[in-house]
Ligand SMILES: C[S@@+](CC[C@H](N)C(=O)[O-])C[C@H]1O[C@@H](n2cnc3c(N)ncnc32)[C@H](O)[C@@H]1O
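Numbering (full-length UniProt numbering), first residue to last: 1 to 238.
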C-alpha cells in the first residue's frame with residue numbers, strides 16, 4: 001500500500017521489488033537496450049534538432065538538469081561523433097543565455113559535416129594530447145579566475161584512455177562541479193564483457209587517488225543511464 005513519510009515525500013512507495021531484484025532488472029534492461037543497439041535497432045541513438053547523438057534520452061535530461069543547476073561557463077565534451085550531443089548542450093546553454101561548449105574528436109576534420117551553433121566549438125585532436133588539453137585549459141582561464149567547467153568524457157572508452165582524460169580534465173572542475181565518465185555500462189557492467197577494461201575501471205582507479213571526487217548517485221535516478229557510477233562530483237571543502 002502506498003505510504004508517505006512525515007516530510008510528505010512521495011518517494012517511499014510500495015516496495016514491490018527487493019534491492020537485488022531492482023538491480024537485476026536495471027542490468028537486464030541495460031543489456032536489452034545495448035543488444036538491440038548492436039543489432040542495429042538504434043536503441044542508444046537519439047536525435048537533437050535532427051542531429052544524431054549516442055545518448056539515452058534520460059541522460060540528456062540529466063545533463064539539462066545539471067546545466068541549469070550549475071550554469072557552467074564551459075562544457076568540455078570529448079568524443080564528438082556527429083555533433084548531436086554537443087549541439088544539445090549548446091542549445092541548453094543558449095536557452096539560459098550562458099555557457100559554451102568545446103567538443104573534441106580525433107575525426108573532427110574539415111570533411112565532417114558538423115552542426116553549427118555560436119556556442120559550440122569543435123577541436124580536432126586526441127583528447128589527451130598535451131596541446132589539446134592546453135587549449136582547453138587556456139579557454140577556461142580566459143573565462144575568469146574560477147570558471148565553472150563541466151566535463152563529459154565520451155571518446156575512446158578503454159581504461160587507460162579514460163583514466164588519462166580523468167586526470168587531465170579533473171583540475172578544471174571546481175567544488176560542486178561535475179566530471180562525467182560516460183559508458184560505464186560497458187565491460188561487463190553488464191554489456192560487452194569482451195571489450196576489455198573500460199570506463200568503470202578507470203573511475204575506480206581515479207576515485208582511489210582522488211578522494212575529493214565522489215559518485216553522485218542522484219544523477220542516475222531515472223535508472224536508465226549509460227553512465228552508472230560515472231557522474232563524479234567534486235566535493236565541497238569540509
Ligand atoms: C561514442 S562516440 C561519441 C558520441 C557523442 N558524444 C554522442 O553522444 O553522439 C566516440 C567518438 O570518440 C572519438 N575518439 C576516439 N578516440 C579519441 C581520442 N583519443 N580523442 C578524441 N576523440 C576520440 C571517435 O572518433 C568517436 O567519434
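Idealized CB from N, CA, C, for every residue including glycine.
Query                                                                                         : Result
Residue 152 - partner residues in DSSP beta bridges                                           : 77 and 180
DSSP bridge partner residues for residue 233 (one or two, in chain order)                     : 178 and 214
Run of the alpha helix (DSSP H) containing residue 94, from where it starts to where it stops : 84-96
beta-carbon residue 187 near ligand 1 non-hydrogen atom, thresh 7 Å                           : no
Any non-hydrogen atom of ligand 1 closer than 7 Å to residue 126 Cβ                           : yes
Any 3 or more C-beta pairs closer than 8 Å across the region 43-58 and the region 211-218     : no
Residue 206: first and last residue of the uninterrupted alpha helix (DSSP H) it sits in      : 199-209
Straight-line gap, residue 27 to residue 224 (C-alpha atoms, nearest Å)                       : 9 Å
8 Å Cβ cutoff met for residue 176 and residue 234                                             : yes
Burial state of residue 202, where buried means 16 or more other Cβ atoms lie within 10 Å     : buried
Beta-carbon proximity list for residue 70, same chain, < 8 Å, skipping 5 on both sides        : 148, 150, 176, 177 and 178
Near ligand 1: residue 22 beta-carbon under 7 Å from a heavy atom                             : no
Three or more C-beta pairs below 8 Å linking the region 54-73 and the region 111-121          : no
Alpha-carbon spacing of residue 94 relative to residue 194, whole angstroms                   : 40 Å
Extent of the continuous beta strand (DSSP E) to which residue 47 belongs                     : 45-48
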